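First the structure, in the form of structure tokens, and then the observations on it.
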Amino acid sequence: MGEAGSIRGIQLARRYRAGELDLIVFSGLDIMIAPGERVAITGESGAGKSTLLHVLAGLDAPTAGRVFLGETEITGLPGERLAALRNQQIGFVWQFSTLLPEFTAEENVGMPLLIRGEDRSRALRLARRRLAEVGLEARARHLGGELSGGEQQRVVLARALAAQPRFLLADEPTGNLDSESAARVMDLLEQVHGDHNLTTVYVTHNLDYAKRASRVIKLELGKLIPLVQEHHV
566 MGEAGSIRGI
576 QLARRYRAGE
586 LDLIVFSGLD
596 IMIAPGERVA
606 ITGESGAGKS
616 TLLHVLAGLD
626 APTAGRVFLG
636 ETEITGLPGE
646 RLAALRNQQI
656 GFVWQFSTLL
666 PEFTAEENVG
676 MPLLIRGEDR
686 SRALRLARRR
696 LAEVGLEARA
706 RHLGGELSGG
716 EQQRVVLARA
726 LAAQPRFLLA
736 DEPTGNLDSE
746 SAARVMDLLE
756 QVHGDHNLTT
766 VYVTHNLDYA
776 KRASRVIKLE
786 LGKLIPLVQE
796 HHV
């Protein structure tokens, strides 16, 4: 149902039970992200942008519908297999730092590789390479809690790249940063997208950042609305 490097959602629905009522976040959504695209999803707070991203990543199961990463359908995959697929194919960047403060920057970046069972020395060597990509090689031995907010988010981006994923998914990656740090993170997201031949989807409420993508989609009242014609950035 999909080609290598693509993300596809078919007739996706997500609802939650709230007492005796069903809260419908979205339903009947079809979404196709082509290999190599950089797509921004925007919309009002509470529209369900993060929920949609989590469903596409296999972090949350849709109430109905199917999700494909490349040629693999991930809906209904057993937990261990789904976790392994995420580790191998998806890099994540979240709004708030998810670094482990008691570990160094290089240990945090190498964590996906260590979880996979890679040799520690090789994992840390690759981690330092990724830190160099985001301009933080000199901070490799600093603990996560010793880094500024902007530095922490760049370490999170380096960690997302550590396992050489095919997909990069980011949820409000600049939402907790000052304007200067946010601009730097957006520049890096754009740079690594091309350098690593990624398929990238990011959620943002900032329209200026959204328009830097090759395509912008707005989630509104449970429906997806294209905001701009596809173009190349």
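Residues in the sequence shown are numbered consecutively from 566, following the working numbering.
Glycine included, C-beta positions come from ideal geometry on N, C-alpha and C.
Computed from a predicted structure; not experimentally measured.
Relative to the C-alpha of residue i, which candidate in the options has its C-alpha closest?
| i | options | result |
| --- | --- | --- |
| Q718 | L763, H758, L754 and R693 | L754 |
| L772 | G593, V604 and V674 | V604 |
| R731 | T765, L617 and M751 | T765 |
| P627 | M597, G656, G635 and Y581 | Y581 |
| E711 | A612, G682 and P666 | P666 |
| V720 | R777, E568, L650 and F657 | F657 |
| I639 | A629, Q653 and L621 | L621 |
| E645 | R681, G613, H619 and F661 | R681 |
| A612 | L588, G601 and V632 | L588 |
| I655 | N762, G740 and D743 | N762 |
| G740 | S615, A703 and I598 | S615 |
Output the distance between the C-alpha atoms of residue i and residue j, rounded to the nearest integer angstrom.
| i | j | result |
| --- | --- | --- |
| R573 | L678 | 27 Å |
| D684 | R694 | 16 Å |
| A802 | A583 | Outside the shown range of the chain (566 to 798) lies residue 802, about which nothing can therefore be said. |
| V798 | G759 | With a pLDDT of 44 at V798, under the threshold of 50, the predicted position of this residue should be treated as unreliable, though the coordinate-derived value follows. Their backbone Cα atoms lie some 11 Å apart in a straight line. |
| M751 | L733 | 13 Å |
| A747 | S713 | 13 Å |
| V699 | G787 | 36 Å |
| E745 | Q660 | 16 Å |
| Q794 | R780 | Only weak support is given to the placement of Q794: the predicted model assigns it a pLDDT of 46, under 50, and the value that follows is read from those uncertain coordinates. In a straight line, the C-alpha of Q794 is about 7 Å away from that of R780. |
| A778 | R724 | 22 Å |
| P791 | R687 | 43 Å |
| Q756 | R749 | 10 Å |
| L696 | H707 | 12 Å |
| V632 | G608 | 21 Å |
| P738 | E585 | 35 Å |
| D743 | F668 | 25 Å |
| A578 | P643 | 20 Å |
| I596 | H619 | 14 Å |
Return yes when at least one heavy atom of the ligand MG lies under 7 Å from the C-beta of residue i, else no.
| i | result |
| --- | --- |
| G630 | Although the ligand MG was asked about, the structure shown includes no ligands whatsoever. |
Inspect the beta-carbon positions of residue i and residue j and report whether they are closer than 8 Å.
| i | j | result |
| --- | --- | --- |
| L722 | F591 | no |
| L634 | L789 | no |
| A735 | Y767 | yes |
| G623 | Q576 | no |
| L664 | N673 | yes |
| H770 | S610 | yes |
| G641 | G601 | no |
Since residue i and residue j are thought to touch, with beta carbons under 8 Å apart, how far apart are those beta carbons, to the nearest angstrom?
| i | j | result |
| --- | --- | --- |
| L701 | A670 | 6 Å |
| L617 | T637 | So it is not a contact: roughly 19 Å between Cβ atoms. |
| A692 | G715 | In fact, because the Cβ distance is near 19 Å, the residues do not count as touching under 8 Å. |
Please give me, in chain order, every unbroken run of the alpha helix (DSSP H) with length at least 4 that falls completely inside the region 658 to 730.
670 to 681, 685 to 698 and 714 to 727
3 or more residues per run - each beta strand (DSSP E) lying fully within the region 616 to 642:
629 to 634
Threshold first: 3 residues or longer. Then list the beta strand (DSSP E) segments lying entirely within the region 731 to 768, N to C.
732 to 736 and 764 to 768
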